[in-house]
Amino acid sequence: MALNLVFLGPPGAGKGTQAKKFAAGRAIPHVSTGDMLREAVAAGTELGRQAKAVMESGALVGDDIIIGVVRERLARPDAREGFLLDGFPRTVPQAQALDGIMSGRAPLIVVDIAASDEELVRRLTSRRVCSACGANADVPAPGQPVPTACAKCGGALTQRADDREEVIRERLRVYARDTHPLLDYYRGRPTFRTVDGAQSPDRVAADLAAAIEDAARG
Ligand SMILES: [Zn+2]
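Those letters in the sequence shown? Residues 14 to 231, per our numbering, in order.
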């Protein structure tokens with residue numbers, strides 16, 4: 014049976030990293046709407062031009078544009094045996110459109126990678142980037158100090174302006190507000206699972222694999 018997956022999770026829960034790794038391991042496409050929009054903008058396609066105009070106006074790209082992108086992507090042959098959606102759906106109308114796209118296909122398995130705000134704030138305020146080579150430093154485990162020098166080149170590590178605590182708390186608040194209705198939309202389904210994202214990345218990966226296997230068995 015095709016493995017049709019949606020990963021949900023707040024910023025800092027490791028969703029993108031886990032999604033990339035899981036999709037590669039199962040040889041299914043990792044469909045990140047953020048990546049697809051950035052690529053479309055860079056390539057200057059019709060969609061890219063539309064998305065760029067919206068983003069430059071400071072607005073979020075609308076449901077109709079994103080739904081069109083996803084519909085087209087999931088219709089490609091490499092998504093026939095499954096896919097992993099990352100960054101979509103973000104709203105209930107998007108989730109309803111996805112259900113329409115999925116009619117006649119294997120049921121969606123939706124996994125929420127959850128973590129407490131305190132752990133997410135700790136991780137996100139610990140993020141550092143090298144001022145010399147641009148590499149991202151590994152986020153320290155709980156109780157470990159935040160690194161100050163780049164492991165690759167020894168350059169000084171700095172914090173991005175949008176990784177300051179007040180900015181992060183606002184981002185998490187907006188995420189919770191927007192995602193709450195989406196979780197309510199999916200929670201009652203037999204193929205909905207929650208995984209504890211506050212664990213080590215290896216532990217989260219193991220729990221994800223087990224949860225997905227369990228959901229796929231029905
Ligand atoms: Zn460096």
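Glycine included, every Cβ here is placed at the ideal spot set by N, Cα and C.
Beta-carbon separation (whole angstroms), residue i vs residue j, contact threshold 8 angstroms
i, j, result
"leucine 21", "threonine 192", "7 angstroms"
"valine 10", "leucine 111", "It is not possible to answer for residue 10, since the shown part of the chain is limited to 14 through 231."
"arginine 202", "alanine 224", "Going by Cβ atoms, the distance from arginine 202 to alanine 224 rounds to 13 angstroms, so no, they are not a contact pair."
"alanine 171", "serine 129", "The amino acid at residue 171 is misidentified as alanine; the sequence shows threonine. Not confirmed; about 27 angstroms, so no contact."
"valine 67", "glycine 75", "7 angstroms"
Selection from the options that minimises the alpha carbon distance to residue i
i, options, result
"threonine 204", "Lys28, Pro120, Ala148", "Pro120"
"glutamate 226", "Glu94, Gly113, Ile122", "Ile122"
"aspartate 48", "Phe101, Ser144, Ala148", "Phe101"
"alanine 40", "Gln63, Thr58, Leu16, Arg62", "Leu16"
"aspartate 125", "Pro214, Pro42, Lys34, Arg200", "Arg200"
"phenylalanine 96", "Ile114, Ile79, Pro90, His43", "His43"
"methionine 115", "Leu98, Pro158, Val142, Arg173", "Leu98"
"arginine 173", "Val217, Val142, Ser129", "Val142"
Extent of the continuous beta strand (DSSP E) run through residue i
i, result
"isoleucine 244", "What is shown of the chain runs 14 to 231, which leaves residue 244 out entirely."
"aspartate 220", "Careful: aspartate 220 lies outside any beta strand (DSSP E), inside the alpha helix (DSSP H) at 214 to 230."
"glycine 95", "95 to 99"
"threonine 207", "205 to 209"
"leucine 261", "The first residue shown for the chain is 14 and the last is 231, placing residue 261 beyond what the model contains."
"valine 44", "43 to 45"
Where the alpha helix (DSSP H) containing residue i begins and where it ends
i, result
"valine 180", "178 to 200"
"alanine 32", "28 to 39"
"glutamine 63", "59 to 69"
"proline 106", "105 to 114"
"threonine 138", "130 to 138"
"glycine 25", "It is not in any alpha helix (DSSP H) - glycine 25 carries neither H nor E in the DSSP assignment."
"arginine 89", "That residue, arginine 89, is in no alpha helix (DSSP H); it is neither H nor E in DSSP."
With 16 other Cβ atoms within 10 Å as the buried cut-off, status of residue i
i, result
"glutamine 31", "buried"
"leucine 87", "buried"
"serine 70", "exposed"
"aspartate 215", "exposed"
"serine 45", "buried"
"aspartate 197", "exposed"
"cysteine 166", "exposed"
"histidine 187", "Here the sequence assigns valine to residue 187, which means histidine is not the residue at that position. The residue is exposed, with fewer than 16 neighbouring Cβ atoms inside 10 Å."
"leucine 73", "exposed"
Contact with chain C by residue i, beta-carbon distance below 8 angstroms
i, result
"lysine 33", "Going by chain labels, chain C is absent from the structure shown, which holds only one protein chain."
Practice problem: Take every Cβ of the stretch 175 to 183, pair it with every Cβ of the stretch 45 to 61, and state whether three or more of those distances are shorter than 8 angstroms. | Solution: no
**Study point:** At least three beta-carbon pairs within less than 8 angstroms, the stretch 204 to 223 to the stretch 22 to 32
**Key:** yes
Among all residues, which have a Cβ less than 6 angstroms from at least one non-hydrogen atom of ligand 3, and in what chain order do they fall? Absent from the structure shown: ligand 3. Ligands present: ligand 1.
Does the count of Cβ pairs from the stretch 141 to 152 and the stretch 103 to 110 closer than 8 angstroms reach three? no
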